[in-house]
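Chemist: Got a structure for you, written out below as structure tokens; questions coming shortly.
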Amino acid sequence: MKTEKNDIKIKVCMGPGGIATGGADVIKVFKDDLASANIKAKIGKGCSLHKVGCFGLCARDVLVDVIVGKNKTTYQYVKPDMVPRIVKEHLIENNPVSEWTVGDDYYSFYNKQIKVVLSEFSEVDPEDIDTYTAVGGYEATKKVLTKFTPEKTIAIIKKSGIRGRGGAGFPTGVKWEICRKVESDQKFIICNADEGDPGAFMDRAVIEGNPHSVIEGMIIGAYAIGATKGYVYVRAEYPLAVERLTIAIKQARGKNLLGENILGTKFNFDVRLKLGAGAFVCGEETALIASIEGQRGMPRAKPPFPVHSGLWGKPTVINNVETLANVPYIIRKGADWFSSFGTEKSKGTKVFALTGKVKNTGLIEVPMGILLREIIYDIGGGIEGGKAFKAVQTGGPSGGCIPAELVDINVDYESLAKVGSIVGSGGMVVLDDTDCMVSIAKFFLEFTQAESCGKCVPCRVGTKRLLEILDRITAGKGREGDIELLEDLGNDIKLSSLCGLGQTAPNPILSTIKYFRHEYEAHIKEQKCPAKVCKDLIEYGILEEFCKGCGACLRVCPSKAITGEKKKPHIISVDVCIKCGACFDVCKFKAVKKE
Amino acid sequence: MFNETVLKEIDEIKARYPDERSALLPSLYIAQKEFGWLSPKAMLCVAQTLNLPEAMVRGTASFYAMFKHKPMGRHVIQLCTNIACMILGAEKLVGFLKTTYGLEPNKTTADGRFSLVIMECIGACGTAPAMLINTDFYDNLTEKKIEDILGKYK
Ligand SMILES: Cc1cc2nc3c(=O)[nH]c(=O)nc-3n(C[C@H](O)[C@H](O)[C@H](O)COP(=O)(O)O)c2cc1C
Ligand code: FES
């Protein structure tokens, strides 16, 4: 059957997951195929091909939407060599290739999500401003510049109840209002795109998926506070985000959305990019300012806060990427609409990066206050490989671990703080029973210790001491009293550090001690790692009754620690074994034991 | 010293800021691109161009991980071993690079083809483990996949 002059749209995910799994190749094959005269004639007119930002479910990339008329079909795990068949059977013969399409589980990933910031991700081509304006983009800018005073704009943002998404949760409208009221010849707005929390990629996805929403948020913020210059401080580790922002800024200038007399009004504003250089602490606002000024990225004591004295001593508002990306939607759809999502004190939706041991890893956006259970099981699809859910780490190195028993808590600023963790910037790393909680805490301490800028003693020396204690515990050399020492020292560091890095660095330890004290005790008292992760506390061996002598382990062992004849049980020499676990992974007969 | 084009580029950057110091980080990036790494000579050039004390330039450059203080291989493998990558086997990949290519963190292969830098999270945690080679991005890594990818970089 031939499809007659209907509108065909093809959308290929080119978010972080898609681009890496070959989204560009998939697009290219589509493009080549569709350009061939033969196929063109068969399909008829009206076929458009777009690259769009992250679809969310990175684990299934490359995802491709094919929309014929009103019917949308989503293909998963698309590889370039699958494209010709999709073109032939679906586009020409109008028969979707059902074996490659997503199943019901794909939709359950989306069912409980509410998308604001991510709402237009599957519509917008991040490198084409016209696709953004086609879905209402920059309408908020126009509305604000031509109809609202700065004060009215601030009042709307205040009323929406939105709080900063960068971690601290400070009310955005209040921050803007304070800055508005400071008299100065020059003010700045900075977008904090230094996303450094391990396990977090929300800001990256937002910039790569819809960069204009961030720029629009900055324009509105600048108008509200009275800034004429803005900077996006973006990680150099995100080359694609840098590229897409550069394109977006250029296009916005071309449409007079940045520059002088924006949209014919008296308002002037321009944005520049400033590249970070690989220092986590530069995400802290005063360190970020120091870094833009060309200094070592070291935080300073507050007050004065940046709203009073920021970049080059001028009043400066710093907002997170996701905070700013929410702003255009709040203006367009109203404060009441926004605050209809969420809880009393945590309004709106929040983007989370769901990673680790869940089935559906990816980018999700949920109303504040959703149950953790809904995120892990309904959206995340439960734990990968039938293992047991153990804990979820939220808030990265400043946050903590929430144990499986608490899976029925609400995910919002207050509830998470109550159980000793934080919403933070939105990283959610799901852990199963094969993860060692002491190792997880140690991992975060290694991170904060390495990233401590060294300015204040509690953080510089304190994190080092904490790490040394964790090192000896995981090496089986823990001492009686170490747990209490970690707690005391941790609390002291929290109280006495200069900036948020040190003030929160002990959290991963304190929260794991709180909920998994027995694991610490097992390491210290019995020299055992219950999750069998800590190398110094485990030994590999072969279970003779199961070993078929196939030689798979022998071949894979990098240190030649395994010997044995074919078809006879093999032996691992513990002195030579480096405990890499390769034999354990490769054995099909479960004949390698780990104790 | 820098050539004319580089000097012009730095001048343009300087003009954007109220003081010369603010042009330091972008200038260091430019110098790193010119020289391949931030050699003492490269940093001296930056100091002279921006009229800043050399110690200040060195002190600032050494704070940031993206500035390289030794020569790098032709291709820089930047492998993430941060949390999501770690729990999905990034450590094993480090081992694999060592056994297969003799490549260790912060080292360069004898033929100058690859350098290995261990990265903090590069924002691909949903499809971990991940790496950048120069500015190209790869994820869902396995040993086999790394082998195939590296084959493309000569
Ligand atoms: C060590 C440290 C790292 C931080 N990293 C980030 C970051 O990567 N992105 C971010 O938006 N905020 C980060 N913050 C929070 C910022 O200091 C600041 O609160 C935030 O950018 C304000 O924006 P918001 O009000 O929109 O959240 C960090 C704070 C600390 C102490
Ligand atoms: S933890 Fe490796 S990319 Fe995020």
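Going down the list, the protein sequences come from chains A and B. Our numbering puts the first residue of the first sequence at 303, with every later residue one more than the last. Our numbering puts the first residue of the second sequence at 572, with every later residue one more than the last. In this text, a Cβ means the ideal position worked out from N, Cα and C, and glycines have one as well.
Give the straight-line distance between the Cα atoms of LYS460(A) and GLY475(A), rounded to the nearest whole angstrom.
Modeler: Looking at the two C-alpha atoms, the distance is approximately 4 Å.
Chemist: Please list the terminal residues of the continuous beta strand (DSSP E) segment that includes HIS352(A).
Modeler: Residues 349-354.
Chemist: Return yes when the C-beta of ALA833(A) is under 7 Å from any heavy atom of ligand 2, and no when it is not.
Modeler: False, no ligand heavy atom lies under 7 Å from that Cβ.
Chemist: Suppose the cutoff is 6 Å on Cβ atoms and the five residues either side in sequence are ignored; what does the same chain contact list for ILE864(A) look like?
Modeler: If we look at ILE864(A) and ignore the five residues flanking it on each side, its Cβ neighbours are CYS855, LEU856, HIS872 and ILE874.
Chemist: From the DSSP output, in three-state form, read off ASP682(B) for me.
Modeler: It is coil, neither helix nor strand.
Chemist: Does the beta carbon of GLY501(A) come closer than 8 Å to any beta carbon on chain B?
Modeler: Yes - at least one Cβ of chain B is within 8 Å of the one on GLY501(A).
Chemist: Going along the chain, which residues put their C-beta within less than 6 Å of some heavy atom in ligand 2?
Modeler: Result: PRO500(A), GLY501(A), CYS651(B), ASN653(B), ILE654(B), ALA655(B), CYS656(B), CYS692(B), ILE693(B), GLY694(B), ALA695(B), CYS696(B), ALA699(B) and ALA701(B).
Chemist: Are there three or more Cβ pairs, one per stretch, closer than 8 Å when the stretch 630-642 of chain A is compared with the stretch 671-678 of chain A?
Modeler: Result no; under three Cβ-Cβ pairs closer than 8 Å.
Chemist: For PRO832(A), name the three-state secondary structure that DSSP assigns.
Modeler: Correct three-state label for PRO832(A): coil.
Chemist: Taking Cβ-Cβ distances below 8 Å as the criterion, which residues of the stretch 342-363 of chain A are in contact with chain B?
Modeler: If the cut-off is 8 Å between Cβ atoms, the stretch 342-363 of chain A has CYS360, ALA361 and ASP363 near chain B.
Chemist: Verify the CB distance criterion: does THR657(A) have a CB-CB separation below 8 Å to chain B?
Modeler: Yes, contact with chain B.
Chemist: Looking at the structure shown, is GLY658(A) part of a helix, part of a strand, or coil, going by DSSP?
Modeler: Three-state DSSP puts GLY658(A) in a strand.
Chemist: Using the three-state DSSP reduction, which class does TYR588(B) fall into: helix, strand or coil?
Modeler: Coil at TYR588(B), not helix or strand.
Chemist: Determine, using beta carbons only, whether LEU664(B) and ALA632(B) come nearer to each other than 8 Å.
Modeler: Taking 8 Å as the Cβ cut-off, LEU664(B) and ALA632(B) do not qualify as a contacting pair.
Chemist: Check whether the stretch 570-578 of chain A and the stretch 787-804 of chain A are in contact - that is, three or more C-beta pairs closer than 8 Å.
Modeler: Touching, no, given that fewer than three Cβ pairs across the two stretches are closer than 8 Å.
Chemist: Along the chain, where does the alpha helix (DSSP H) containing ALA719(A) start, and where does it finish?
Modeler: Its alpha helix (DSSP H) spans residues 715-720.
Chemist: Which of helix, strand or coil does DSSP assign to CYS703(A)?
Modeler: Residue state, collapsed to three classes: strand.
Chemist: Under 7 Å: does the beta carbon of ARG781(A) sit that close to some heavy atom of ligand 1?
Modeler: Incorrect: ARG781(A) has no Cβ contact closer than 7 Å to ligand 1.
Chemist: On a Cα-Cα basis, can you pick out the residue from VAL709(A), PHE691(A) and GLY636(A) that is closest to ILE672(A)?
Modeler: Nearest C-alpha to ILE672(A): VAL709(A).
Chemist: With DSSP run on the structure shown, which of helix, strand or coil describes PRO808(A)?
Modeler: PRO808(A): coil per DSSP, three-state reduction.
Chemist: For LYS895(A), list the residues DSSP reports as bridge partners.
Modeler: The partner list for LYS895(A) (beta bridge, DSSP) reads GLY843(A).
Chemist: State the Cα-Cα distance for the pair ILE521(A) and TYR533(A), rounded to the nearest angstrom.
Modeler: ILE521(A) and TYR533(A): Cα-Cα distance of roughly 11 Å.
Chemist: Around the Cβ of PRO500(A), are there at least 16 other Cβ atoms within 10 angstroms (buried) or fewer (exposed)?
Modeler: That one is buried.
Chemist: So, does the stretch 817-828 of chain A touch the stretch 601-614 of chain A, judging by three or more C-beta pairs under 8 Å?
Modeler: Contact between the stretch 817-828 of chain A and the stretch 601-614 of chain A is absent, because fewer than three Cβ pairs lie under 8 Å.
Chemist: Could you check where the alpha helix (DSSP H) with ILE795(A) kicks off and where it finishes?
Modeler: 784-798 is the extent of the alpha helix (DSSP H) around ILE795(A).
Chemist: For TYR377(A), which residues in chain B fall below 8 Å Cβ to Cβ?
Modeler: Ordered by position in chain B, no residue passes the 8 Å Cβ test against TYR377(A), which lies about 17 Å from the chain.
Chemist: Does the contact criterion of 3 or more C-beta pairs under 8 Å hold for the stretch 572-580 of chain B versus the stretch 604-621 of chain B?
Modeler: Contact holds: three or more Cβ-Cβ distances are below 8 Å.
Chemist: I want to verify the contact list: residues of chain A whose CB lies under 7 Å from the CB of MET657(B), in sequence order.
Modeler: Residues of chain A passing the Cβ test: PHE745.
Chemist: In this structure, how does DSSP classify GLN378(A) when only helix, strand and coil are distinguished?
Modeler: Coil at GLN378(A), not helix or strand.
Chemist: For SER798(A), collect the residues of the same chain with a Cβ closer than 7 Å to its Cβ; drop the 5 residues on either side in sequence, then sort them by chain order.
Modeler: Answer for SER798(A): PRO760, listed in chain order.
Chemist: Taking 8 Å as the threshold (beta carbon to beta carbon), is GLU624(A) in contact with chain B?
Modeler: Not an interface residue.
Chemist: According to DSSP, is CYS885(A) part of a helix, a strand, or is it coil?
Modeler: Here CYS885(A) sits in helix by DSSP.
Chemist: Counting only Cβ pairs nearer than 8 Å, list the residues of chain A close to PRO589(B).
Modeler: Per Cβ cutoff of 8 Å: TRP614.
Chemist: Using only alpha-carbon positions, find the residue among ILE551(A), TYR525(A), SER486(A) and LEU590(A) that is nearest to ARG537(A).
Modeler: Considering only alpha carbons, the answer is LEU590(A).
Chemist: Note down, in chain order, all residues in the stretch 541-571 of chain A with a beta-carbon under 8 Å from any beta-carbon belonging to chain B.
Modeler: For the stretch 541-571 of chain A, which is checked against every Cβ of chain B, the residues closer than 8 Å are PRO541 and LEU542.
Chemist: Tell me where the beta strand (DSSP E) around GLU667(A) begins and ends.
Modeler: First-last of the beta strand (DSSP E) with GLU667(A): 664-669.
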